[in-house]
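Protein chains in written order, with the working numbering: chain A, 2 to 484; chain B, 15 to 382. C-beta atoms are modelled at their ideal positions from N, C-alpha and C, and glycine is treated no differently. A quick note: this is a predicted structure, and the numbers were derived from the prediction, not measured. Single-structure report; data block below.
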């Protein structure tokens with residue numbers, strides 16, 4: 002539909018388009034520059050009132066030089082667009098822009114006066130860092146892109162903007178380094194996002210689930226982060242950062258399994274300490290998955306595995322426990338999961354109560370009542386801590402989930418069941434792909450050169466090339482600077 | 015009728031090597047020291063080296079056959095040279111051979127688990143358990159199997175170190191004198207080592223997927239070399255630790271070696287070892303299951319082998335409900351695998367090679 006040229010018709014169309022919209026401002030005024038009537042249209046809630054008053058209304062009302070057509074109208078706004086399509090007017094109004102219709106003109110002027118409520122930039126709550134930057138992403142994609150650009154003032158950093166959702170019309174921006182990112186990986190991601198046909202994408206997490214490679218995997222195949230420095234570090238490895246408007250976390254794709262166990266602090270810590278911490282996390286990963294199942298296997302099948310002294314301690318502790326080990330373990334694990342979930346969404350003052358209740362009831366009362374054994378409490382506590390050490394919340398949740406089938410299989414088959422469970426995990430990780438790149442890289446397929454930055458972290462100067470997992474087209478990262 | 019499923023399904027030369035090593039090191043190595051000791055006493059390790067050389071020669075013949083048609087698996091090749099019906103018959107026989115190998119590995123693994131770890135668990139439960147990873151891996155292509163074989167190889171590198179622990183109580187004297195009874199018993203024992211080296215014949219299936227084809231010959235020599243080193247190593251450790259007569263009394267001397275290992279925090283370490291050894295067994299069993307299923311799907315002209323795999327896995331589970339192989343049957347399985355393996359791995363390549371030369375010569379010297 003074209004924009005009507007007479008103002009009366011414009012007003013009628015506005016009336017028809019926006020029926021029940023109390024925050025819509027339609028303001029008719031006479032402009033001295035043009036010696037014509039104009040209509041200024043904007044949504045009060047999404048536009049910046051100061052900007053409209055100072056930069057639009059003031060010149061329109063008081064500027065005296067002569068303008069003959071739309072292009073010559075003087076306003077103090079840099080980003081001006083012209084359109085003669087009504088649909089574009091609609092979109093623009095909903096984006097917080099103001100629209101200027103001029104009597105007798107087919108074209109309308111779109112002025113960038115956006116200004117909606119937004120939060121100040123703050124440290125991310127979920128991923129806090131000791132040495133990294135203390136700025137986190139916020140809910141406005143423009144600001145988020147700005148945070149990334151601050152790290153990479155480079156013309157190879159490209160931004161590709163897509164719109165997702167019929168109703169939501171979410172702006173989704175793909176950021177990548179053009180000379181590093183593999184074009185086919187980029188195309189794959191772009192195609193997948195373009196294929197999405199939903200009402201609206203409210204959060205990055207939703208977008209991630211709509212485009213992931215294997216929805217039946219327990220593992221997240223893309224990384225969500227609220228940290229600009231983490232996003233940039235991944236950009237430099239040839240990955241693509243997806244900034245979704247209205248969501249404070251950005252998605253990073255393609256991802257590899259091991260990257261979920263790394264934090265940005267690892268690179269700013271000295272390499273020996275970073276390596277130690279990474280090994281600790283790897284250990285924690287296995288403990289979080291296998292410790293309860295090992296306990297079950299050892300108690301119900303292979304007590305001959307344990308030396309005599311240990312078995313006496315365990316036996317003494319389990320003497321009064323009426324439950325079989327698998328029930329005992331599931332009871333305790335469920336209790337701690339419930340505690341966690343309860344503490345997660347409660348306001349901080351009440352959250353502390355949960356901690357006390359959990360600590361006293363589960364730590365002592367359950368043992369004294371003879372419901373569970375002391376050893377089991379220790380096992381559950383270590384397991385819980387193990388799952389907390391995994392830095393990525395998505396991966397930590399996956400690990401917590403995998404623990405339960407492992408416990409069941411080990412209660413049926415002992416260590417053989419655990420071995421088969423691990424085998425299934427290894428096979429699954431070897432099959433899994435992220436945007437068509439191997440998720441298990443650099444372990445399956447094995448790429449020794451990339452092991453420098455996995456469960457260990459070599460000194461930074463030795464990591465001269467980018468990891469292969471995202472198939473970067475430019476491998477060289479830095480030159481050899483020391484011996 | 016080009017049913018090659020090669021695009022996007024390449025494996026690296028390392029994956030090819032470890033794929034073959036994985037297929038070779040499996041159940042054979044568990045009983046190998048006793049098997050060769052029965053034939054030629056503590057000179058058995060020399061027989062293994064001869065066996066290795068034989069398998070290298072056979073592998074090289076296989077690779078030179080495959081080189082003639084680098085895009086063909088053995089199943090395509092058989093159709094190309096023997097026509098539709100006879101080619102299909104041969105393909106079916108090859109698949110059945112792989113199925114026999116897979117069955118031997120699966121049932122022996124179940125038996126091992128029952129004897130050493132889970133004496134009370136019925137074999138069908140263990141079969142169902144084993145078939146889960148088996149199905150998940152075998153439904154994928156060669157590429158995933160290659161990746162899996164590669165990572166498992168690195169994951170199991172600690173095992174030889176542990177097997178070496180009993181050496182501290184061993185006596186090198188057991189090995190002397192070398193060649194105490196002449197060469198004849200050694201040559202006769204070579205036959206016993208054939209079963210252990212089987213696995214290289216999977217190059218028939220693997221070759222077209224290899225990315226660096228010019229390295230295929232070197233790769234297969236290295237693969238056989240690694241397996242041979244492992245076999246010789248385990249056998250020597252067994253011979254040094256056990257006395258020459260004692261070792262023949264064990265069914266699985268390699269596992270018995272581990273019974274002597276104890277840690278302050280853990281006794282009966284061989285249980286853990288056996289659980290981890292399931293990974294090694296899986297890289298033997300899964301490739302054979304895959305080969306059998308892939309070949310049968312090829313014969314039935316099914317593009318996707320998953321349906322055949324579902325039937326195969328179902329059959330295994332049903333059979334395991336009805337039939338628990340006693341140890342004698344397992345030995346019969348192994349013997350059959352050894353015999354058919356001699357044909358498929360050693361005789362068949364030579365015959366095929368001669369036949370292809372003849373065929374090409376009749377056709378005017380050019381490969382068809």
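If the five residues before and after residue 112 of chain B are omitted, its C-beta is found closer than 7 Å to the C-beta atoms of 302, 305, 306, 309, all from its own chain and listed in chain order. What residue 290 of chain A touches in chain B, judged by beta-carbon distance under 9 Å, is nothing: the nearest beta carbon there is about 15 Å away. Chain A places no beta carbon closer than 8 Å to that of residue 170 of chain B, leaving this residue out of the contacts.
Under the three-state reduction of DSSP output, residue 158 of chain B falls in the helix class. Contact note: residue 28 of chain B reaches chain A through 446, 447, using a C-beta cutoff of 9 Å and chain order. Between residue 39 of chain A and residue 27 of chain A, the C-beta spacing is not below 8 Å. Collapsing the DSSP output to three states places residue 31 of chain A in a strand.
Secondary structure remark: continuous alpha helix (DSSP H) runs of at least 4 residues inside the segment 126 to 211 of chain B, in chain order: 137 to 152, 156 to 169, 172 to 177, 197 to 211. Around the CB of residue 216 of chain A, fewer than 16 other CB atoms lie within 10 Å, so the residue is classed as exposed. Ranked by Cα distance from residue 164 of chain B, the options A:477, A:457, A:428 are led by A:428.
Counting along the chain, residue 384 of chain A sits inside the alpha helix (DSSP H) bounded by residues 375 to 390. The C-beta separation of residue 24 of chain A from residue 46 of chain A comes to about 4 Å, placing the pair in contact by the 8 Å criterion. Within the same chain, 66, 70 come within 8 Å of residue 239 of chain B by CB-CB distance, once the 5 residues on both sides are set aside. Taking the Cα of residue 330 of chain B as reference, the smallest distance to any Cα among B:141, B:346, B:119, B:206 is reached at B:141.
Cβ contact annotation for residue 221 of chain A (same chain, cutoff 6 Å, sequence separation greater than five): 395, in chain order. Residue 304 of chain A sits in a helix when the DSSP states are folded into three classes. Residues of the segment 264 to 291 of chain B that bring their beta carbon within less than 9 Å of a beta carbon in chain A comprise 276, 277, 278, 279, 280, 281, 282, 283, 285, 286, 288, 289, 290, 291, in sequence order. Straight-line measurement puts the Cα of residue 95 of chain B at about 11 Å from the Cα of residue 102 of chain B.
Around the beta carbon of residue 70 of chain A, fewer than 16 other beta carbons sit within 10 angstroms, so the residue counts as exposed. Counting C-beta pairs with one atom in each stretch, the segment 219 to 235 of chain B and the segment 131 to 148 of chain B have fewer than three that are closer than 8 Å, which means they do not touch. Residue 147 of chain B belongs to the set of residues whose beta carbon lies under 8 Å from a beta carbon in chain A.
Going by DSSP, residue 61 of chain A is part of the alpha helix (DSSP H) stretching over 59 to 63.
Interface residue (Cβ-Cβ distance to chain A less than 8 Å): residue 161 of chain B is classified as such. By the neighbour-count criterion, in which 16 or more other beta carbons inside 10 Å mark a residue as buried, residue 346 of chain A falls on the exposed side. The beta carbons of residue 292 of chain A and residue 383 of chain A sit about 6 Å from each other, so the pair counts as a contact at 8 Å. The beta carbon of residue 237 of chain B does not come within 8 Å of any beta carbon belonging to chain A, so the residue lies off that interface.
Close CB contacts of residue 32 of chain B within its chain, under the 6 Å cut and outside five residues either way in sequence, are with 163, 164, 167 (chain order). The continuous alpha helix (DSSP H) containing residue 294 of chain B extends over residues 283 to 313.
Residues of the segment 301 to 312 of chain A with a Cβ closer than 8 Å to any Cβ of chain B, in chain order: 302, 303, 305, 306, 307, 308, 311. With fewer than 16 other Cβ atoms from the protein chains shown falling within 10 Å of its own Cβ, residue 193 of chain B counts as exposed. If you look at residue 481 of chain A, you'll find it isn't in any alpha helix (DSSP H); DSSP assigns it neither H nor E. Note on the segment 139 to 205 of chain A: whole beta strand (DSSP E) runs with a minimum of 3 residues are 158 to 165, 171 to 178, in chain order. Taken through DSSP and simplified to helix, strand or coil, residue 444 of chain A comes out as strand. Residue 337 of chain B sits in coil when the DSSP states are folded into three classes, being neither helix nor strand. Annotation for residue 297 of chain B: 36, 163, 166 place their beta carbon closer than 6 Å to its own, counting only its chain and skipping 5 residues before and after. Here the alpha carbons of residue 210 of chain A and residue 230 of chain B stand approximately 41 Å from one another.
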